[in-house]
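Worksheet: the structure to be examined is printed underneath.
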Amino acid sequence: MQANYVFRVTVQLDPPEACLDPDRFETVCRLPAATPGTDGWLFFQYNLWRGAVADADHMRALLTDTPDVEVIEASFSELETDAAYRAALETEIKTDLSRFNADSVDAVVHQHLGSSIHVRDAEAIPDA
3 MQANYVFRVT VQLDPPEACL DPDRFETVCR LPAATPGTDG WLFFQYNLWR GAVADADHMR
63 ALLTDTPDVE VIEASFSELE TDAAYRAALE TEIKTDLSRF NADSVDAVVH QHLGSSIHVR
123 DAEAIPDA
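This is the structure in structure tokens:
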């Protein structure tokens with residue numbers, strides 16, 4: 003079971019004793035998705051809304067801590083997942099729909115991830 007939250011990020015490099023050209027570039031950042039039901043599994047609920055970053059400042063700060071460079075822009079691309087992770091996510095959501103203020107699992111998924119879920123073979127999902 004494997005899944006990653008995928009973001010397009012623009013990073014700024016500013017080393018104290020060097021000059022870089024270019025000093026900013028766009029890249030892909032993958033954050034491993036926590037196993038549904040474990041600590042951190044609600045990342046999508048706290049950080050995403052309708053397939054986009056819910057709070058840009060918070061997400062930039064979170065992603066700046068990850069690669070240890072300044073992230074100046076971040077956009078959510080997708081949750082890349084295998085079928086087993088998707089099934090486990092949906093099962094966990096279904097156990098407490100009231101937490102999400104929704105009538106169905108599909109509504110929760112759409113509210114937070116939009117249509118940005120891509121199910122792939124586990125071997126095709128890079129390790130984050």
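According to this note's numbering, the sequence shown is numbered sequentially starting from 3.
All C-beta atoms, glycine included, are put in the ideal place defined by N, C-alpha and C.
Every value quoted in this text rests on a predicted model; they were computed, and no experiment measured them.
About 4 Å separates the Cβ atoms of Tyr-87 and Ala-5, confirming a contact at the 8 Å cut-off. Within the same chain, Cβ atoms closer than 6 Å to the Cβ of Asp-25 are found at Leu-15, the five residues on either side in sequence being excluded. The three-state reading of DSSP puts Ser-100 in helix, counting H, G and I together. Assigned with DSSP and collapsed to three states, Glu-28 falls in strand. In the structure shown, Arg-10 falls within a strand segment according to DSSP collapsed to helix, strand and coil. With contact defined as three or more Cβ pairs closer than 8 Å, the region 36-55 and the region 104-123 are in contact. The beta carbon of Leu-91 is closer than 7 Å to those of Pro-38 in its chain, skipping five residues each way along the sequence. Cβ neighbours of Met-61 within its own chain (closer than 7 Å, five residues either side excluded): Asn-49, Val-55, Ala-76. In this structure, the CA atom of Asp-41 is about 20 Å from the CA atom of Val-107.
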